[in-house]
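Just below is one structure, and these are the notes that go with it.
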Amino acid sequence: MALRIGQMPAQRKAAFPPSVDAGTRLLILGSLPGDASIRQGEYYAHRGNAFWALVGDVLGEDLRSAPYAMKLKRLRARGIGLWDVIESADRDGSLDSSIRGAELRDLSAFISRLPNLRAIAFNGKTAALHGRRQLGERSDLVMIDLPSSSGAYASLSRDAKRQAWSALAPYIDPT
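Here's what the structure looks like:
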């Protein structure tokens with residue numbers, strides 16, 4: 314793709330390591346962290362992203378104002394892991410539609426190391442597209458397509474997103 318005058322080439326962006334442990338029952342897969350998340354080194358760091366509010370609603374906990382380490386600790390305590398389907402990609406900005414040259418994760422090998430995994434949830438269409446393509450149909454796991462928690466996905470209201478995300482509840486450790 315040719316660059317226009319004054320246009321900078323897309324930057325190669327890399328994802329974070331997984332946040333999982335042996336007790337992970339539900340794995341939420343995003344596509345690739347956005348610029349705000351990359352700058353802060355935290356999943357779903359952009360203030361317009363509703364991830365922490367949505368997953369907090371499912372847990373019955375307010376995670377939005379908690380320190381990042383506590384957010385991850387609370388997710389792991391309830392059997393929830395986080396990761397992304399894309400290892401790295403060229404992308405100008407944070408939109409999934411700008412992703413080019415994606416290097417995908419080896420999801421099958423990864424999930425084989427999670428003995429308690431019962432469900433995988435895809436946060437948005439890009440995550441679902443790449444994740445489902447890799448994993449195929451599986452009888453041993455429930456796969457759930459979620460509307461993106463990104464503020465850029467405004468086709469659904471926060472309430473409609475909250476309702477869709479409530480499908481995660483059966484796969485969360487109640488303790």
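Be aware that the sequence shown starts at 314, since it is given in the working numbering, and climbs by one per residue.
Every residue, glycine too, gets a C-beta built ideally from N, C-alpha and C.
Computed from a predicted structure; not experimentally measured.
Original post:
For residue 387, which residues from the same chain have a beta carbon less than 8 Å from its beta carbon, with the 5 sequence-adjacent residues on both sides left out?
Top reply: In the sequence shown, residue 387 corresponds to position 74, counting from 1. Only 372, 374, 376, 379 meet the Cβ criterion.
**OP:** Report all residues from its chain with a CB closer than 7 Å to the CB of residue 475; omit the five preceding and five following residues, and keep chain order.
**Re:** As a working mapping, residue 475 is identified with position 162 in the sequence shown. For residue 475, where only same-chain residues beyond five positions count, the Cβ hits under 7 Å are 367, 370.
Original post:
Distance, Cα to Cα, residue 320 vs residue 359?
Top reply: Translated into the one-based positions of the sequence shown, residue 320 becomes position 7. Translated into the one-based positions of the sequence shown, residue 359 becomes position 46. For residue 320, the predicted model reports a pLDDT of 47, less than 50, meaning its position is unreliable and no value from the coordinates is stated.
**OP:** Look at the alpha carbon of residue 459 and the alpha carbon of residue 435, and state the distance between them as a whole number of angstroms.
**Re:** As a working mapping, residue 459 is identified with position 146 in the sequence shown. As a working mapping, residue 435 is identified with position 122 in the sequence shown. Taking the straight line joining both Cα atoms gives about 6 Å.
**OP:** Assign residue 345 to buried or exposed, taking buried as 16 or more other Cβ atoms, counted over all protein chains shown, within 10 Å of its Cβ.
**Re:** For the purposes of this step, residue 345 is taken as residue 32 along the sequence shown, with counting starting at 1. Looking at its Cβ environment, which holds 16 or more other Cβ atoms inside 10 Å, residue 345 is buried.
Subject >> Host alpha helix (DSSP H) of residue 455 (start-end) >> reply: To locate residue 455, count along the sequence shown from 1; it is residue 142. Looking at the DSSP string, residue 455 is not in any alpha helix (DSSP H); the run it does join, the beta strand (DSSP E), is 455–459.
**OP:** Return the Cβ separation of residue 431 and residue 455 in integer angstroms, given the expectation that the two are a contact with Cβ distance under 8 Å.
**Re:** For the purposes of this step, residue 431 is taken as the residue at position 118 of the sequence shown. For the purposes of this step, residue 455 is taken as the residue at position 142 of the sequence shown. Between residue 455 and residue 431 the Cβ distance is about 7 Å, and since that is below 8 Å, they are a contact.
Original post:
Can you check whether the CB of residue 340 is closer than 9 Å to the CB of residue 427?
Top reply: As a working note, residue 427 is residue 114 in the sequence shown. As a working note, residue 340 is residue 27 in the sequence shown. Closer than 9 Å, so yes.
Original post:
Between which two residues does the beta strand (DSSP E) carrying residue 339 extend?
Top reply: Counting from 1 along the sequence shown, the entry for residue 339 is found at position 26. That run of the beta strand (DSSP E) goes 339–343.
Subject >> Coil, strand or helix - residue 486 by DSSP >> reply: In the sequence shown, residue 486 corresponds to position 173, counting from 1. Residue 486 falls in the coil class under three-state DSSP.
**OP:** Please report how far the alpha carbon of residue 392 lies from the alpha carbon of residue 417, in whole angstroms.
**Re:** For the purposes of this step, residue 392 is taken as residue 79 along the sequence shown, with counting starting at 1. For the purposes of this step, residue 417 is taken as residue 104 along the sequence shown, with counting starting at 1. Computed Cα separation, rounded: 24 Å.
Original post:
Which word fits residue 316, buried or exposed, when buried means at least 16 other C-beta atoms lie within 10 angstroms of its C-beta?
Top reply: Numbered from its first residue, the sequence shown carries residue 316 at position 3. Residue placement at residue 316 is flagged as unreliable, the pLDDT there being 46, under the threshold of 50; a coordinate-derived value is accordingly withheld.
Original post:
Nearest-angstrom Cα distance between residue 335 and residue 395?
Top reply: Against the sequence shown, residue 335 aligns to sequence position 22. Against the sequence shown, residue 395 aligns to sequence position 82. Near 13 Å, if we compare the C-alpha coordinates of residue 395 and residue 335.
**OP:** Under 6 Å Cβ to Cβ from residue 343, same chain only, skipping five residues before and after it: list those, please.
**Re:** Counting from one through the sequence shown, the residue named residue 343 turns up at place 30. Cβ neighbours of residue 343 beyond the five flanking positions: 397, 436, 440.
Original post:
What did DSSP end up calling residue 402 once you bin it into helix, strand or coil?
Top reply: Walking along the sequence shown from the start, residue 402 turns up at place 89. Three-state DSSP puts residue 402 in a strand.
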